[in-house]
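Working notes, beginning with the structure itself.
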RNA sequence: UCCUCAGUAGCUCAAUUGGCAGAGCAUCCGGCUGUUAACCGGAGGGUUGCUGGUUCGAGUCCAGCCUGAGGAGCCA
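What follows is the structure in C-alpha cells.
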C-alpha cells in the first residue's frame, strides 16, 4: 500500500495513476468472477472493480464476504469508463480490511423515519444525508462570508442566560451553581443590541433553544440562528440586508453544491429565480390578499403555516411582509410612527411553502417607551436594567433580524422536514442519539 | 395541550366477512466475467406494541395504556 493516498473527490484528475483510497464499503455487487465494490470516503463515491486474476484467489474470496460499511483501504489504477457510475472507477489491485462490519442496519432498501432517526449516527453516512449536510455547510459558510465581507463583526451572545429574552414559557431551565437557575438562550437579540452599540454592525451565530411543544415539519427544539444587528439602521435597512443575504446564500449553493442538489433531486428552477428585489408587502396588504384568496383571517393575529404558504404562493421568490401589529411581536419592536398599533417588523417568507425564514425589524430606542413596554409585558424591570442602559447612554435607531439555518437548508434542499438538515435533530419527542 | 392516522420477521409491507402467519429486501449456502437498489436457486428467521374483554376461534372486533407519524396553536 505505497501508492499515493487519494481522496475520491479528486479521482477524476488521477486517471491512469496508481492510487490508494481509504474509506468504507458502501455497497457490493458480484457477478461470479468479478466483484464491484462501491467505496465512499466522505469526499465521494467510487466503484472499485475486483477480478480474481488481478487480486488473487484469497483477496477475491475475502471481498465476496465484506459487509456493508466495512472500513477498508483499496489500491488500484484509476480508469475512465462509461459503464461506471460517475464515469470513473478503480481497477483494484489490493485490498486491506481495517474494520469489519456485519449486519449493518441501514440497507439499500426503504426504512421508516423513526427507525432512521434512532440510527441517525449511521444514517448520516448515506449519500442523501451527506448531500444535505454539505449544503448546510455551504449555507453556513456563505452566511459567514456575507457578513465578514461587509464589515460585520462576529460577537457571540451567551447560551446560559439569566432570564427570558422574549417570553418565559418557552425556555429550557438548567440548574446553575448554588440553587440558581439558568435558561438556555432562545435568541441573542438583547445582547446583540449591546454589541451593536459597541461595534456598529455585528452578528451572532449559534444554537438557540425553544421549549415549544411544537410538532411540525418546521420545528426543532435546538436550532441554529444567525442574527445581524446594525446601529444607525432602520426597518428598510434590515429588509435590504435580509434580501441581500438570502440572495447570496442561494446563489452560492447553486454555484458550489449543484451536485448535491442533484443527489437530492431538487428542481433548481425555483431557486434560480431568487434574485433581488424581493416583493415587499405590508401586513395589511397580506391580510387583504388572504381574504381575497378566501382564507378566514382576522386582522391582528399572526399568520399560521397555511397562511404563510398561501401568501408565498402568490410570488415566485421570497416575500418580505412588514409592519405587523405590535400585539403579535416582541416588546422591543419599535412602533410605526405613522400608525401606533403597527410595529416596524418584518418576516421573510420562503417560496414553495417553506414559510418564515427571517424575522426581525427596527428596535425600540426610546427609554420611556421601552420602560412602559417592559411593564406592560409584566417583565421584571431589574433584569432589564442593563438593557435599559443602552437607551440611557447614547441611544440610536437600530435594526436587525434572525434567520433560521435549518429552515433555509430545508428550503434549498427541497426537504419535507427540518429534522434532516442538522446532524442530530432535537425535537419534542427525540433527544437521542 | 388538542385533532387525525399507524404499530405484523432485522427492514418495508401484505393477510378477503373473525377461520392454516405471507412476500420482497437483509443474513447464511450455492450459481453467474460489467454490475448499476444486479440477477437466478435454496435455507434459517414470528410473544402480530402492552394489558384486559367479546367469541368455538382474534393480526382482524371492543376498552384502556405505550410508542411513533402528520397537522393545529406558537415560532426561526
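Numbering (our numbering), first residue to last: 2 to 434. All residues carry an ideal CB built from backbone N, CA and C; glycine is no exception. Because the structure is a prediction, the values reported are computed rather than measured.
Let me know if residue 2 comes out buried or exposed under the rule of 16 or more other beta-carbons within 10 Å of its beta-carbon.
Residue confidence for residue 2 is low, a pLDDT of 46 falling below 50, so the modelled location carries little weight; the figure read from the coordinates is stated next. Looking at its Cβ environment, which holds fewer than 16 other Cβ atoms inside 10 Å, residue 2 is exposed.
Counting Cβ pairs closer than 8 Å, one from the segment 385-401 and one from the segment 216-226, do we hit at least three?
no
Taking the straight line between their C-alpha atoms, what separation do you get for residue 418 and residue 28?
27 Å
Quick check on residue 370: buried or exposed, where buried means 16 or more other Cβ atoms within 10 Å of its Cβ?
exposed
Please name the residue in 32, 161, 71, 97 whose C-alpha comes closest to that of residue 21.
97
Taking residue 69 as the reference, give the member of 56, 108, 50 with the closest Cα.
108
For residue 377, which option in 147, 328, 191 has the closest C-alpha, if you only look at C-alpha atoms?
328
Our contact map puts residue 282 next to residue 248 with C-beta atoms below 8 Å; I'd like the distance itself, whole angstroms only.
Actually they do not touch by this definition, with Cβ atoms about 18 Å apart.
Pick from 287, 183, 89: whose alpha carbon is nearest that of residue 159?
183
Among 310, 190, 373, 275, nearest to residue 413 - alpha-carbon criterion
275
Could you work out which residue in 150, 194, 251 is closest to residue 318 when comparing CA atoms only?
251
What span of residues does the alpha helix (DSSP H) with residue 150 cover, start to end?
128-150
Which residues share a DSSP beta bridge with residue 183?
175
Would you decide whether residue 99 is buried or exposed? Buried here means 16 or more other CB atoms lie within 10 Å of its CB.
exposed
6 Å Cβ shell around residue 189 - same chain, five flanking residues per side excluded
158, 205, 228
DSSP beta-bridge partners for residue 91?
49, 79
In three-state terms, what does DSSP make of residue 417?
coil
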